[in-house]
Amino acid sequence: MSDEHDRAAIDDITREFFAAFRSADVRVDRAADHAEAVEPGADRFERLARLFTPEARIVKMDAGTPLVYTVDEFIAPRRELLTNGRLRGFSEWETSATTTIAGTIAQRWSSYSKEGLLDGEPNSGSGVKASSFIKHAGVWKILSVAWTDEP
Numbered sequence: 014m015s016d017e018h019d020r021a022a023i024d025d026i027t028r029e030f031f032a033a034f035r036s037a038d039v040r041v042d043r044a045a046d047h048a049e050a051v052e053p054g055a056d057r058f059e060r061l062a063r064l065f066t067p068e069a070r071i072v073k074m075d076a077g078t079p080l081v082y083t084v085d086e087f088i089a090p091r092r093e094l095l096t097n098g099r100l101r102g103f104s105e106w107e108t109s110a111t112t113t114i115a116g117t118i119a120q121r122w123s124s125y126s127k128e129g130l131l132d133g134e135p136n137s138g139s140g141v142k143a144s145s146f147i148k149h150a151g152v153w154k155i156l157s158v159a160w161t162d163e164p
């Protein structure tokens, strides 16, 4: 696979990653500015989990203290919040990115924004995510994601 195909694969994984972070009432992919194809019965959180390697870790830097999650630990509370109705009109999208590929490893720096209503109150922000990818058996997967929200 050429660097162009690898980059396209990483772009697709990243798009799927961000698409998972939307409340149940949102059907628009803001980054691509087009309606998202939502399959009836498709579980975006199961698709999200499949983007990661089994040993992947997700790290949130919160006031200088790392909060480290397994994939399941990361997904469970977000599934609840994004589907229980408390968060409405919410989505998160990548606003810019830089990807570096070296053979079977890659790093992507993403700036992102998010907005919606939490318990009826505006909830918005932005931040940075650093995602590491590995290519194993011809398939790119996320090995880790570290992020921080802007103050």
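The opening position of the sequence shown corresponds to residue 14 in the numbering used here, with each subsequent residue numbered one higher.
We put the CB at the ideal spot given by N, CA and C, even for glycine.
Keep in mind that this is a model prediction, so the values were computed, not measured.
**Study point:** C-beta atoms of F103 and L61 nearer than 8 Å
**Key:** Cβ distance not < 8 Å, so F103 and L61 don't count as in contact.
Check your understanding: Leaving out five residues before and five after D38 in sequence, what residues of the same chain have Cβ atoms less than 7 Å from its Cβ?
Key -> If the five residues before and after D38 are omitted, its C-beta is found closer than 7 Å to the C-beta atoms of R101 and G102, all from its own chain and listed in chain order.
Review point. Does the count of Cβ pairs from the stretch 73–89 and the stretch 105–121 closer than 8 Å reach three?
Key: With the cut-off at 8 Å, the stretch 73–89 and the stretch 105–121 do not touch.
**Study point:** First through last residue of the beta strand (DSSP E) which encompasses T113
**Key:** Its beta strand (DSSP E) spans residues L100 to A115.
Check your understanding: Whose C-beta lies closer than 8 Å to the C-beta of F146 among residues of the same chain, with five residues either side of it excluded?
Key -> The residues are I23, I26, I118, A119, Q120, R121, W153, K154, I155 and L156.
Practice item. Would you kindly report the start and end of the unbroken alpha helix (DSSP H) that includes R20? Key: First-last of the alpha helix (DSSP H) with R20: D16 to A32.
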